[in-house]
Structures are given as structure tokens and as C-alpha cells.
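Below is one structure, written out as C-alpha cells; the observations come after it.
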Amino acid sequence: MAYTLQQLSDIEDIKLLKHRYFRGMDTANWDLLNSLFADDVTVDFRGGGYRVTFTGRENYMTFLKNSFHSDAVAMHYGSMPEITLTGDDEAEGYWYLYDIFIQADTRSQTTGTALYKDRYRRIGGEWKIVTTEYDRLIEFVGPMDASTQVTVQYLATRGLKPEERQDIRHLISFDASHG
Amino acid sequence: MAYTLQQLSDIEDIKLLKHRYFRGMDTANWDLLNSLFADDVTVDFRGGGYRVTFTGRENYMTFLKNSFHSDAVAMHYGSMPEITLTGDDEAEGYWYLYDIFIQADTRSQTTGTALYKDRYRRIGGEWKIVTTEYDRLIEFVGPMDASTQVTVQYLATRGLKPEERQDIRHLISFDASHG
Amino acid sequence: MAYTLQQLSDIEDIKLLKHRYFRGMDTANWDLLNSLFADDVTVDFRGGGYRVTFTGRENYMTFLKNSFHSDAVAMHYGSMPEITLTGDDEAEGYWYLYDIFIQADTRSQTTGTALYKDRYRRIGGEWKIVTTEYDRLIEFVGPMDASTQVTVQYLATRGLKPEERQDIRHLISFDASHG
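Protein chains in written order, with this note's numbering: chain B, 2 to 180; chain G, 2 to 180; chain Z, 2 to 180.
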């Protein structure tokens with residue numbers, strides 16, 4: 002059994018879509034990110050002590066801009082794709098995430114992994130993310146080692162400054178029971 | 002020179018096979034894992050201070066269930082595949098692993114990388130792992146930082162509880178000289 | 002829209018090229034690395050406090066051999082490829098790097114990520130790296146935790162010994178302003 006050329010092309014394009022998502026997040030490339038989501042995208046991220054749930058591309062962009070701001074030191078490393086085509090213009094995918102997030106001002110560090118389950122749809126000829134959710138597999142939270150210095154922080158000059166940020170607490174619920 | 006459609010399909014399917022392996026391990030998905038190995042699979046993992054060697058799918062499942070148990074905080078991040086088709090139904094592959102393993106009760110942490118060399122065979126229409134081995138490239142062992150808290154541990158409720166575990170010391174030899 | 006079989010084959014081969022690059026570096030496989038670059042390859046790596054710039058495969062090999070020497074504990078984990086074919090024998094690619102570098106003698110540790118932008122060319126039937134550059138996204142520098150032991154260091158016996166090393170300061174400029 003073999004895939005068709007169209008199927009292999011679609012699998013490659015869906016991988017590109019998600020690679021752009023992680024690159025866009027860690028480089029504050031909002032135009033790139035805005036092109037990746039369906040208008041009615043739904044999100045459900047279940048972390049340790051937080052749960053992020055909302056609908057719509059505009060909410061997604063607000064969430065991303067206000068999470069990966071000028072005080073964020075962020076790595077989102079997503080790989081190990083398992084893409085399944087479920088129709089001519091529909092697909093599903095697992096991705097495995099390894100992420101580091103340091104709040105530069107407080108030096109609080111969160112390190113973890115998560116398993117994404119996404120659905121994709123071809124809309125106007127382009128693959129878009131239509132639903133995305135994850136469950137955390139492991140997560141640690143603690144202070145960054147006192148003698149370690151942050152020597153590069155790409156988002157410092159590109160992320161939203163404190164006075165530019167919006168409150169996004171309506172998109173997140175904080176509760177130790179999510180962990 | 003180009004690959005055939007069948008060859009590109011096989012390469013994609015072998016990548017899926019190994020992605021499922023790493024996902025299965027970190028989520029205690031024993032049914033998934035059990036479907037990935039040839040009956041006579043052979044294993045040889047050469048780590049720092051340990052060497053794991055055995056034959057057979059049943060031993061492999063025993064090893065996995067008793068390594069990624071309810072006290073394990075585990076990440077197995079495998080990527081950078083180099084798949085070579087060596088016959089119509091045979092292939093080889095390199096994979097690069099980055100892994101974190103924390104023993105939740107003792108807070109001992111092992112972090113490392115390894116280079117896998119695998120052989121795959123199509124059996125009954127499905128690609129299976131027939132031999133897998135790795136050499137560690139780097140490895141560190143130490144206590145987890147005292148002020149860092151584990152906030153998510155997926156295996157805690159899904160891995161084998163202490164009273165369910167089997168002794169697997171016959172599958173592993175411990176010797177500082179393997180490092 | 003679909004890729005051709007040749008295009009999908011080229012994308013796979015370019016992924017292999019870069020996977021070999023990272024594997025070669027962390028295993029001191031100089032023959033493998035030497036086969037991956039165009040003769041007139043150009044390099045520009047912009048890190049925190051350092052910038053590496055030069056031209057030519059010979060300089061590249063000198064740089065690699067003298068960076069990943071017998072005192073280096075090194076991980077170069079590159080993934081999330083975004084390969085764009087720009088001609089029959091030309092391509093570009095983004096790659097996301099996560100790397101750890103520990104100087105074993107001083108126990109100084111650098112951890113970071115970088116976004117690579119490469120250009121590739123098919124030369125004599127083989128894809129080669131013709132330009133490679135990166136910008137650091139995040140970087141931390143600090144001492145390795147005192148109670149953590151390095152238990153495997155693959156490069157210790159394979160990397161260049163102190164007396165075999167060459168001075169490579171002409172290939173690197175050190176300046177806090179690059180961060």
C-alpha cells in the first residue's frame with residue numbers, strides 16, 4: 002500500500018503548517034501565525050494548574066501575543082508528527098511538544114512536554130488548524146538557577162511591552178486540579 | 002534520481018512507527034507499543050553505567066512497563082530520522098534521542114542523548130521494529146533542584162504501581178564501564 | 002496542488018543532509034561532515050556574545066573540529082524543517098535548533114535555541130549546504146549544577162585532544178553586543 006502523490010504532498014504541507022506555528026510563536030511573527038488558523042479555530046490546552054479554552058482566531062492571536070511578550074524567554078519545540086488524512090480536505094495529527102518558558106522579570110521557569118491532538122482543514126487551497134488541544138505529559142516549575150544568566154532573549158525587543166499588553170485571564174482558568 | 006511513491010510512503014510509515022514508539026512509552030500506551038515490534042525483536046541499549054540487552058517482544062514489553070512506571074517522570078524526544086530502504090520490505094534508520102528521566106520518589110534525574118540504529122521489516126503488510134540499539138552520546142545524573150516542583154506527571158496514574166511491578170534486573174546489566 | 006515525485010524526493014534528501022550535519026557534529030564524524038558542504042560554503046552564526054563568520058569548507062571543518070573537541074559535551078538537536086525548492090537544483094530551509102554545550106573541564110554550560118536559514122544546491126547529483134546562518138532565539142550561560150555528574154561524553158575519546166587543536170579565534174568575534 003502506498004500514499005498518493007497528493008496525500009504525501011498534503012502530509013508535508015501540514016507538517017510545514019505546524020512548524021510555522023512553533024516558529025511564529027518563538028519569534029513573535031504575528032502575521033505568520035494569523036495565516037495558520039481557521040476563523041473558527043477551537044483551542045483547549047490542559048496544563049499543570051492552568052487550562053486555556055476559547056474559540057476563534059482573534060482570541061487565539063490575543064492569547065499568543067499576550068503570552069509570548071517582551072518578558073518571555075520561550076522555546077516551543079514540536080516534533081514527532083503523526084498525520085492521518087481523514088478526507089480529501091481534512092486531517093488529524095499528533096505532535097509532541099517540549100517547551101521551556103522563563104518569565105525574565107521574576108526568573109520563574111516552567112519546563113514541560115505535551116501531546117497535541119489537532120484537526121486540520123484545507124480552506125481556500127491552504128491547510129489551516131481548525132482544532133488544537135493538548136495534555137501535559139510532564140511539567141516542572143521552579144526558579145531559574147541564580148548563577149545562570151540569560152544572554153539572548155529574542156522576544157525582549159519584539160514581544161508586546163507591558164503597556165501594550167491586554168488582560169487574557171478570561172481565556173485561561175487557573176486551578177491546581179488541572180495538573 | 003528520485004524515490005518511487007512506494008519508497009516515499011515506506012519512509013513516512015517508518016517515521017510514524019518510531020514516533021508511535023516514543024509516544025507510547027511516555028503515555029504508558031502498552032497496546033500501541035505491543036503492535037510495533039517483531040516477535041523476535043532484539044534490543045541493545047548502551048548507556049552510562051547500564052546496558053540493556055534481550056530478545057523478544059514479550060521481554061521488550063516487560064522492560065518498558067517496568068521502566069516507565071508510576072514513579073517515572075519521562076520524556077523521550079526522538080527525531081532527525083535517516084531512513085534507508087535496504088530492500089522491498091527491509092529498512093534501516095538512525096534516530097537521535099533527547100531524554101529526561103526523573104525518579105519521582107528519589108528526585109534523581111538523568112538527562113541524555115543517544116543515537117539509535119534500528120532495522121525495520123514489513124511483516125504482514127505493516128512495518129515493525131526488528132532490531133534496535135543505541136549508544137549514549139551525552140548523559141548527566143544528579144538530584145533534581147530542591148526548589149523545583151513536578152506539577153504534571155502523566156505516568157503517575159497510568160504506569161504500573163509498585164505492587165504491580167516485576168523485577169527486570171535480568172534484562173539490564175549495571176556497570177560503570179558502559180559509560 | 003501537489004509536489005512532484007522529484008520535489009518530494011529532494012525535500013527528503015535535504016532533510017537527510019541536515020540530519021547528518023547534526024549527527025556528524027555530535028559524534029565527531031569528520032568524513033561525514035566534510036561531504037555535506039559546498040567548497041565555497043558561507044557561514045554566519047549570530048549568538049549571544051559571539052559571531053562566527055567565514056567562507057569555505059576547509060574553514061568550516063577547522064571550526065567544527067576545534068569546537069566539538071575532547072572537552073565538549075554537546076547536543077545539537079535540529080528539527081522543524083521548512084524546505085522550499087527555489088529551482089531545479091536550489092532550495093532554502095529553516096531549521097530550529099535546541100543545543101546544550103558543556104565545557105567538561107570548566108563545567109560552564111550554554112543552553113539555547115537558534116533559527117537556521119540555509120541555502121542548498123545540488124552539485125554533482127548531491128545536495129550540499131551552500132550558505133548557513135542562524136540567529137539565537139534564547140540562550141543561557143551558567144555553571145553546571147555542582148552535584149550533577151557527567152556520566153557519558155562521547156566526544157571525550159573522539160574529539161581533538163588539547164595538543165591537536167588549532168586556534169580558531171580568527172573565525173569568531175566575541176562581543177557582548179551580538180546577544
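C-beta atoms are modelled at their ideal positions from N, C-alpha and C, and glycine is treated no differently.
Keep in mind that this is a model prediction, so the values were computed, not measured.
Counting only Cβ pairs nearer than 7 Å, list the residues of chain G close to residue i.
i       : result
Ser10/B : Within 7 Å Cβ-Cβ: nothing; Ser10/B doesn't reach chain G, min ~10 Å.
Could you list which residues in chain Z have their beta carbon closer than 8 Å to that of residue i, in chain order?
i        : result
Phe23/B  : Met81, Tyr97
His20/B  : Met81, Pro82, Glu83, Tyr95, Tyr97
Arg170/G : Those within 8 Å of Arg170/G in chain Z number zero; the least Cβ separation is about 19 Å.
Return no unless some Cβ of chain Z is closer than 8 Å to the Cβ of residue i.
i        : result
Glu140/B : no
Ala92/B  : no
Thr63/B  : no
Gln104/B : no
Leu17/B  : yes
Thr149/B : yes
Please decide whether residue i counts as near chain B, where near means a Cβ-Cβ distance under 8 Å.
i        : result
Gly180/Z : Unreliable placement is indicated for Gly180/Z, whose pLDDT of 44 sits below 50; the coordinate value is still reported in the next sentence. With 8 Å as the cut-off, Gly180/Z counts as an interface residue toward chain B.
Gly48/G  : no
Gly126/G : yes
Gly88/G  : no
Find the residues of chain B that neighbour residue i, judging by a C-beta separation of less than 8 Å, and give them in chain order.
i       : result
Tyr4/Z  : Leu6, Leu9, Ser10, Glu13
Gly57/Z : Correct list: empty, because the minimum Cβ distance to chain B is about 27 Å.
Would you please state the rounded distance, in angstroms, between the beta carbons of residue i and residue j? I believe it to be under 8 Å.
i        : j        : result
Gly79/B  : Arg137/B : Contact flag wrong, Cβ pair sits at about 14 Å.
Ile130/B : Val74/B  : At roughly 25 Å, the Cβ-Cβ gap does not stay under 8 Å, so Ile130/B and Val74/B are not in contact.
Thr114/Z : Tyr97/Z  : 7 Å
Met76/Z  : Trp31/Z  : 18 Å between Cβ atoms; not a contact.
Tyr135/G : Tyr155/G : The Cβ separation is near 23 Å, so there is no contact.
Ser186/Z : Ala157/Z : Coverage of chain Z is limited to positions 2 through 180, which leaves residue 186/Z absent and any answer about it impossible.
For a test of your reading of the model: does the CB of residue i fall under 7 Å from any non-hydrogen atom of the ligand ATP? Yes or no.
i       : result
Arg52/B : Among the components modelled here there is no ligand, and therefore nothing to report on the ligand ATP.
Check whether chain G comes within 8 Å of residue i, counting only Cβ atoms and requiring the distance to be less than that.
i        : result
Gly160/B : no
Pro144/B : yes
Gly113/B : yes
Give me the chain G residues within the contact set of residue i, using Cβ-Cβ distance strictly less than 9 Å, ordered along the chain.
i        : result
Leu116/B : Arg24, Asp27, Thr28, Tyr155
Tyr78/Z  : Tyr78, Ser80, Met81, Tyr97, Tyr99, Thr114
Can a CB atom of chain D be found closer than 8 Å to the CB of residue i?
i       : result
Ser36/Z : The structure shown contains no chain D; the protein chains it does contain are B, G and Z.
How would you list, in chain order, the residues of chain B whose beta-carbon sits under 7 Å from the beta-carbon of residue i?
i        : result
Thr152/G : Gly49, Gly50, Glu140, Phe141, Val142, Gly180
Val74/G  : Ile139
Write down every uninterrupted run of the beta strand (DSSP E) in the stretch 68-136 of chain Z whose length is 3 residues or greater and which is fully enclosed by it, in chain order. 73-88, 91-104, 109-124
Validate contact between the stretch 118-125 of chain G and the stretch 46-65 of chain G using beta carbons, cut 8 Å, 3 pairs: no
Cβ contact check for the stretch 4-18 of chain G and the stretch 142-156 of chain G: 3 or more pairs under 8 Å: no
Would you call the stretch 150-160 of chain G and the stretch 76-91 of chain G touching, i.e. three or more CB-CB distances under 8 Å? As far as the Cβ criterion goes, the stretch 150-160 of chain G does not touch the stretch 76-91 of chain G, which means the pair count is below three.
Quick check: the stretch 155-170 of chain G against the stretch 107-121 of chain G, are there 3 or more CB pairs under 8 Å? No, the stretch 155-170 of chain G does not touch the stretch 107-121 of chain G.
Give the list of continuous alpha helix (DSSP H) stretches no shorter than 4 residues that lie fully inside the stretch 12-67 of chain B. 31-35
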